[in-house]
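Undergrad: In numbering that gives the first Met the number 0, the protein residues as written are 0 to 97. Provided herewith is a single structure, encoded as structure tokens, for subsequent inquiry.
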Amino acid sequence: MRLLEELETEDFRNFLRMDVEVFEELLNMVTPFIQKKDTLMREAVTAEERLVVTLRYLATGRSYEDLKFGSAISAQLLGEIIPETCAAIIHCLKEYIS
């Protein structure tokens, strides 16, 4: 996401509640589970966008309707992306979750 590239380190931390390095490590872990392929009809939402919107949802508790304006992803698709990405995070970090 272009927005993330423009954020200063502290702003990035405030936006997603984690450091850039932690985000990149988590992205590398979950990408195989959340990455989708483009179709003839549309480009897929990238793994990075999926993780960002999920972390933003978890960090703020904002509704899907509210998140759609900042992400340009429909509320209906957010309703699919966020649970899928949460499941991938849990799967990848299960050894750290009690």
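Cβ coordinates follow ideal geometry from the N, Cα and C atoms, glycine included.
Cutting at 7 Å between CB atoms, please list the residues of its own chain near K36, excluding the five before and the five after it.
TA: Along the sequence shown, one-based indexing puts residue 36 at 37. So the qualifying residues of the chain are A43.
Undergrad: Could you tell me whether the Cβ atoms of V51 and L3 are closer together than 8 Å?
TA: Locating residue 51 in the sequence shown gives position 52, where the first residue counts as 1. Locating residue 3 in the sequence shown gives position 4, where the first residue counts as 1. Yes, they are a contact pair.
Undergrad: Where G78 and T38 are concerned, what is the direct C-alpha to C-alpha distance, given to the nearest angstrom?
TA: Counting from 1 along the sequence shown, the entry for residue 78 is found at position 79. Counting from 1 along the sequence shown, the entry for residue 38 is found at position 39. Using only the alpha carbons, I get a separation of about 20 Å.
Undergrad: Ignore the nearest five residues each way along the sequence and tell me which others in V19's own chain have a CB closer than 7 Å to its CB.
TA: What you label residue 19 is simply residue 20 of the sequence shown in a count that begins at 1. Hits under 7 Å: T8, F11.
Undergrad: When the Cα atoms are used, what is the spatial distance from A58 to L15?
TA: Taking the sequence shown and counting its residues from 1, one reaches residue 58 at position 59. Taking the sequence shown and counting its residues from 1, one reaches residue 15 at position 16. Each residue's alpha carbon lies about 7 Å from the other.
Undergrad: Would you report the Cα separation of L64 and L76, rounded to the nearest angstrom?
TA: As a position in the sequence shown, residue 64 is number 65, starting the count at 1. As a position in the sequence shown, residue 76 is number 77, starting the count at 1. Checking the sequence, you will find Glu at residue 64 rather than Leu. So the two alpha carbons sit approximately 11 Å from each other.
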